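Engineer:
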Amino acid sequence: MKFANSRETGPGFLKFDASADIQLHIHPPTDIPLAFFEGMIRETVLLGSSKEIIINIMEVYNHPSVYQLSLDQRRCRFINERTDWGAQVDLYDFYSYSTCVIECGLTAQLQYCNCTSHFLAPAIKSSSVSIPMCDYRGLSCLTRYYEDIQHERKSCDCMSSCEEPEYTIVYNSPDGESESDMETTQVQIALIELPTQRYVRRVTKTPLDLLISVGGIAGLYFNASLLRLIEIMFSLKEFKWKDVWKRI
200 MKFANSRETG PGFLKFDASA DIQLHIHPPT DIPLAFFEGM IRETVLLGSS
250 KEIIINIMEV YNHPSVYQLS LDQRRCRFIN ERTDWGAQVD LYDFYSYSTC
300 VIECGLTAQL QYCNCTSHFL APAIKSSSVS IPMCDYRGLS CLTRYYEDIQ
350 HERKSCDCMS SCEEPEYTIV YNSPDGESES DMETTQVQIA LIELPTQRYV
400 RRVTKTPLDL LISVGGIAGL YFNASLLRLI EIMFSLKEFK WKDVWKRI
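The numbering used here numbers the first residue of the sequence shown as 200 and each following residue consecutively.
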């Protein structure tokens with residue numbers, strides 16, 4: 200289910216009830232909830248309580264010059280730039296930091312046990328790639344190599360997303376507001392306003408800027424310019440070199 204906020208609708212809110220204790224995650228659309236991911240907003244809401252969270256969103260805009268840089272230069276990936284192991288397991292058709300971590304951990308499971316957890320295998324079978332689900336022997340293998348798999352996952356070279364917005368909490372209702380006679384948990388998440396600010400990622404110095412700077416320095420110290428260089432080359436071409444060699 201998708202919800203859209205615009206100038207016509209104004210800042211929206213999401214309100215729902217839960218019949219059990221829940222772990223609430225607020226994250227960008229391309230991220231996957233992870234218990235160990237520090238970049239997400241996580242809240243534990245107990246049954247019978249109420250929780251209200253108001254957030255602000257800071258969007259990210261990438262200048263067209265950023266797309267011309269290599270991965271090593273910009274140190275982030277766009278949503279369509281999947282990793283090699285991500286394209287191999289084909290679990291997600293987009294890139295984000297959290298999907299990269301999950302796909303890297305899945306690759307480690309295949310490396311050690313030649314199968315994957317039953318939490319991931321059904322999702323993979325629905326795509327173009329079929330990876331075996333671990334039976335009880337495979338689950339025993341995952342348990343035996345748990346530390347090694349976790350070490351492989353933490354050492355994955357997962358870059359941040361170039362298009363990931365920043366979520367900040369403006370208001371968070373205090374814990375302990377519980378009504379003992381309530382049989383459900385009431386949760387409301389709202390935007391304080393539509394995004395009015397954004398981070399702009401741009402390249403400060405391009406190769407063209409470097410060329411212009413070098414030309415400026417050359418013009419300052421040597422009175423040289425592109426026109427002067429063309430004149431010199433034309434003069435050398437028109438110079439009568441044959442007469443010089445005859446005199447020598």
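For glycine and all other residues, C-beta sits at the position ideal for the given N, C-alpha and C.
On a predicted model such as this, the values are computed, not experimentally measured, just so you know.
Tell me the rounded alpha-carbon separation between Pro364 and Asp216.
Structural biologist: 27 Å
Engineer: For Ser264, does the three-state DSSP call read helix, strand or coil?
Structural biologist: helix
Engineer: Check whether the region 201–218 touches the region 384–399, counting contact only when three or more Cβ pairs, one atom from each stretch, lie closer than 8 Å.
Structural biologist: When Cβ pairs closer than 8 Å are counted between the two stretches, the region 201–218 is seen to touch the region 384–399, the count reaching three or more.
Engineer: On a CA-only basis, which of Gln349, Arg352, Gln310 and Glu346 is nearest Cys333? Give me that one, please.
Structural biologist: Gln310
Engineer: For Val399, does the count of other Cβ atoms within 10 angstroms reach 16, so buried, or fall short, so exposed?
Structural biologist: Under a 10 Å Cβ-count criterion, Val399 is classified as exposed, with fewer than 16 other Cβ atoms of the shown protein chains found around its own Cβ.
Engineer: Taking the straight line between their C-alpha atoms, what separation do you get for Leu452 and Ser412?
Structural biologist: Outside the shown range of the chain (200 to 447) lies residue 452, about which nothing can therefore be said.
Engineer: How is Tyr296 classed by DSSP in three states: helix, strand or coil?
Structural biologist: helix
Engineer: For Val346, report the span of its alpha helix (DSSP H) as first-last.
Structural biologist: The question names Val, but residue 346 is Glu in the sequence shown. Taken as a continuous stretch (DSSP letters only), the alpha helix (DSSP H) holding Glu346 covers Tyr345 to Lys353.
Engineer: Under a Cβ-count criterion, where at least 16 other Cβ atoms within 10 Å of its own Cβ denotes burial, should Ala219 be classed as buried or exposed?
Structural biologist: Counting of Cβ neighbours within 10 angstroms places Ala219 among the exposed residues, the total staying below 16.
Engineer: Which one of Ser205, Ile231, Asn255 and Leu246 has the shortest CA to CA distance from Ile388?
Structural biologist: Asn255
Engineer: Under 8 Å Cβ to Cβ from His262, same chain only, skipping five residues before and after it: list those, please.
Structural biologist: Val399, Arg400, Arg401 and Val402
Engineer: Looking at the structure shown, is Asp289 part of a helix, part of a strand, or coil, going by DSSP?
Structural biologist: coil
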